């Protein structure tokens, strides 16, 4: 829709009406008597004035039409955003007040990995089943992502239902939702990222309108770069980033403090599960305990434990448990991402990455990497630590 008139359009508009006025002037021929000639001149002058008024009126009308078109477009845009956050108008119009740049994994056009029927995800809102849907980002405009959801077998959704994008977990906040009709083969909806530094997992989901069964796709990881506020020195308790909305804090000047309870690695994992999963995992009578004890105390926390190099692969949101380290106190971290060759972590109180010491690279508070072999389901242990395994919300 053209919302502003070009110079050519204006010139054509004037020329068109000027020609009409000239044609109107010629209706009196020069062969008439003098009196009639005078009368003809007067008539021609009047007609010329009328023609000029017509041109001005038409231009005014054109300007009015332009304004009305803009208003209608704006109105439609607002209605579209309110009624359906997946609308293309909303996607085009999406802008952010800040200069944050967002990225996603998988990237635009790449499907999420197929989820497994053998891996239901339990939460406070119920259980979400795997093995049915997958999703991909089809477009990104600034912080707004358009997502397409289909069945893993590329079949049809036989009944009507509702599609969602959930933030943080399958029971997290609703970032977007859209009803779909029976025999839909593809569902498109969009969501917007609004955090400043860090990452959020966005879970594409559908709820079958007839059975009420909830299905999830593997999450789309949306993140910023850099992943955290990186500098040489910090204030204790300073915010470094957010992980699914949970603040990651600086433990001290050098991102380490051996004694302050409010900035320990265990404090972060307790707070993460409380905020993201609404689950209290603090052992009764303890402030959080030492990281070395978490794996063997999984049942006391109401969590399932899976050994490193076992039969169950790690997932985003799992708690990675270590023994060893300074003083033998161990360590715990939240798994941010799992690929075929590495995992990424988010954690507190590990210290700074030191130049010339690659063994400290995994100290990064957000996005720290450890090698992973998907075939043996083994996460490599960093220097002076041993990876015992990972903890997870029970499946049933």
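Numbering (my numbering), first residue to last: 26 to 421. Even glycine gets a Cβ: it sits at the ideal position worked out from N, Cα and C. These figures come from a predicted structure and were not determined experimentally.
Which residues DSSP lists as bridging residue i, in chain order
i: residue 20; result: In this structure the chain extends from 26 to 421, so residue 20 is not present and cannot be described.
i: residue 177; result: Residue 177 is not bridged to any residue.
i: residue 213; result: 173
i: residue 400; result: Note: residue 400 sits in no beta bridge, so no partner.
i: residue 364; result: None; residue 364 has no bridge partner.
i: residue 326; result: Answer by DSSP bridge pairing: none, since residue 326 is not bridged.
i: residue 394; result: 369
i: residue 142; result: Paired residue(s): none; residue 142 is not in a bridge.
i: residue 5; result: This structure does not reach residue 5, given that the chain is present from 26 up to 421, and the question cannot be answered.
i: residue 160; result: 174
i: residue 187; result: 204, 232
i: residue 226; result: 246
Best match in the options for proximity to residue i [C-alpha to C-alpha]
i: residue 204; options: 235, 250, 403; result: 235
i: residue 359; options: 368, 158, 163; result: 368
i: residue 210; options: 247, 361, 159, 308; result: 159
i: residue 356; options: 289, 157, 227, 165; result: 289
i: residue 349; options: 162, 316, 376; result: 316
i: residue 216; options: 249, 250, 180, 165; result: 165
i: residue 294; options: 409, 258, 390, 229; result: 390
i: residue 157; options: 301, 174, 397; result: 174
i: residue 286; options: 261, 218, 223; result: 261
i: residue 409; options: 394, 416, 361, 347; result: 347
i: residue 325; options: 147, 309, 220; result: 309
i: residue 406; options: 202, 386, 417, 126; result: 386
i: residue 376; options: 274, 252, 169, 226; result: 274
i: residue 146; options: 230, 383, 126; result: 230
i: residue 218; options: 319, 259, 167; result: 167
i: residue 254; options: 246, 264, 247, 248; result: 264
i: residue 131; options: 155, 322, 163, 292; result: 163
i: residue 239; options: 392, 291, 272, 154; result: 154
i: residue 299; options: 144, 179, 193; result: 193
Status (buried if at least 16 other CB within 10 Å, exposed otherwise) for residue i
i: residue 183; result: exposed
i: residue 48; result: Summary for residue 48: the model assigns pLDDT 46, below 50, so the residue's position carries little reliability; its value from the coordinates is reported in the next sentence. Exposed, since its Cβ has fewer than 16 Cβ neighbours within 10 Å.
i: residue 110; result: With a pLDDT of 37 at residue 110, under the threshold of 50, the modelled position of that residue is not reliable, and the figure given next carries that caveat. Residue 110 should be labelled buried.
i: residue 366; result: exposed
i: residue 37; result: Unreliable placement is indicated for residue 37, whose pLDDT of 46 sits below 50; the coordinate value is still reported in the next sentence. Under this definition residue 37 is an exposed residue.
i: residue 55; result: The predicted position of residue 55 is uncertain, since its pLDDT is 41 and thus under 50; a value taken from the coordinates is nonetheless stated next. By the 10 Å Cβ count, residue 55 comes out exposed.
i: residue 374; result: buried
i: residue 196; result: buried
i: residue 241; result: buried
i: residue 404; result: buried
i: residue 311; result: exposed
i: residue 244; result: buried
i: residue 283; result: exposed
i: residue 508; result: What the structure shows of the chain is the stretch from 26 to 421, and residue 508 is not part of that stretch, so it cannot be assessed.
i: residue 412; result: buried
i: residue 190; result: buried
i: residue 169; result: buried
i: residue 258; result: exposed
Residue i - containing beta strand (DSSP E), residue span
i: residue 353; result: Here residue 353 belongs to no beta strand (DSSP E), and DSSP marks it neither H nor E.
i: residue 136; result: Counting along the chain, residue 136 falls outside any beta strand (DSSP E), and DSSP gives it neither H nor E.
i: residue 373; result: Element bounds for residue 373: n/a, residue is neither H nor E.
i: residue 203; result: 198-205
i: residue 219; result: Where residue 219 is concerned, there is no enclosing beta strand (DSSP E), given that its DSSP letter is neither H nor E.
i: residue 130; result: 127-130
i: residue 416; result: 410-417
i: residue 311; result: Unbroken run through residue 311: none, as it is neither H nor E.
i: residue 153; result: 151-154
*With a floor of 3 residues, list each beta strand (DSSP E) that falls wholly inside the stretch 233-307, ordered by position along the chain.*
Listed in chain order, the beta strand (DSSP E) runs fully inside the stretch 233-307 are 239-241, 245-249, 264-268, 271-274, counting runs of at least 3 residues.
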